[in-house]
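Taken in order, the sequence shown gives residues 257 to 507; the numbers are from my numbering. These notes are about the structure you will find just below.
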Amino acid sequence: FRAFSTEDLSVMQTLASEATIALERTRTSIELGAALERERLVASVGRRLRSELDLQAALRPVVEETGRALGAVRCFVRLGAAEMLAEWVAESQQPIENPADLPVSNLALREQRTVTLVDLEEAPELSDPVAGGIENLRSLGARSGIATPVLVQDAVIGVLTVHSDVPHAWVQADTALLEAVAAEVGNAIRIGRLLDENRDRLSQQTALLRAAQVLTGELDLDTVLQRLVHEVAELLQADASDCYLYDPERA
257 FRAFSTEDLS VMQTLASEAT IALERTRTSI ELGAALERER LVASVGRRLR
307 SELDLQAALR PVVEETGRAL GAVRCFVRLG AAEMLAEWVA ESQQPIENPA
357 DLPVSNLALR EQRTVTLVDL EEAPELSDPV AGGIENLRSL GARSGIATPV
407 LVQDAVIGVL TVHSDVPHAW VQADTALLEA VAAEVGNAIR IGRLLDENRD
457 RLSQQTALLR AAQVLTGELD LDTVLQRLVH EVAELLQADA SDCYLYDPER
507 A
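Following this line, the structure appears as structure tokens:
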């Protein structure tokens, strides 16, 4: 047997202290690297969504990058209770056929908060029949998931969700990443709606100008009326339009 001296114990304590400092520095470096990677991903998502006019085309790589970054097998954006806007699934998974029957997403949409579930088979939240049954998630091979609301001007209009095929202890950094991506998605949807409104308004103004030009540039009444109903139908996106002239003698 060896009796360790006080000097031996002092050396071991010094080494332990140095190792603790080294491990803490390593942990901090890893966390910093992960945080920088998340920031790069969110910045990349924002640039892609702002540069692409076709929202669905822009969202496809976004949900894939987000799903892969979180180690998930599925990531999707659902508008409202049932409209699938974009979905990515790993090669081993099947796409969602019934987007309304997704209790994790339904729970986040209903409660308007981020929902994090480590193991769907042991989640008491999913026992609520209003959220939907777990059978659809089982058929999809999902065992854990996160869902966070997508907001447009403080109104919840959908959810961004990821599924894992194994129980997964999601950490705060995972939810922070998903929430940041959801914020970018909400901003992109808001901008897309504004562009659509401006496009519709411009189309209406163009149709009004064209109708005014027709009315002032044609002398034949029948021709004017025919062109008028045509322009009105286009302006209102109607299938047909009629114009009736008041005849006081027949009235």
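Each residue gets a CB set at the ideal place from its N, CA and C atoms; glycine is no exception.
Over what stretch of residues does the alpha helix (DSSP H) that includes residue i continue unbroken?
i, result
"P317", "311 to 325"
"L393", "391 to 395"
At which residues does the beta strand (DSSP E) containing residue i begin and terminate?
i, result
"A411", "411 to 420"
"A342", "339 to 345"
"V480", "Per DSSP, V480 belongs to no beta strand (DSSP E); it is in the alpha helix (DSSP H), 477 to 491."
"R506", "Run containing R506: none; DSSP gives neither H nor E here."
"V333", "330 to 335"
When the Cα atoms are used, what is the spatial distance from residue i to residue j?
i, j, result
"S266", "I277", "17 Å"
"L467", "D495", "In the sequence under discussion, the amino acid at residue 467 is Ala, which differs from the Leu named in the question. C-alpha separation (whole angstroms): 17 Å."
"G442", "G323", "18 Å"
"L311", "E321", "16 Å"
"V329", "S420", "5 Å"
"L433", "M268", "41 Å"
"L335", "N354", "13 Å"
"S361", "A313", "22 Å"
"E280", "E274", "10 Å"
"L477", "Y500", "12 Å"
"D498", "E453", "27 Å"
"Q349", "A356", "18 Å"
"V508", "L326", "Residue 508 lies beyond the residue range present for the chain, which begins at 257 and ends at 507; the question has no answer from this structure."
Name, in chain order, the residues that DSSP records as bridge partners for residue i.
i, result
"R371", "Reading off the sequence shown, one finds Val at residue 371, where the question assumed Arg. Answer is A403."
"V408", "A411"
Could you check if residue i is buried or exposed, using at least 16 other CB atoms within 10 Å of its CB as the buried criterion?
i, result
"A436", "buried"
"R399", "buried"
"A342", "buried"
"F260", "exposed"
"D430", "buried"
"P359", "buried"
Under 7 Å: does the beta carbon of residue i sit that close to some heavy atom of the ligand FAD?
i, result
"V318", "For the ligand FAD, the structure offers nothing, since it holds no ligand at all."
Exercise. Residue ranges of each alpha helix (DSSP H) run of no fewer than 4 residues wholly in the segment 426 to 481, ordered along the chain?
Worked result: Correct list: 428 to 473.
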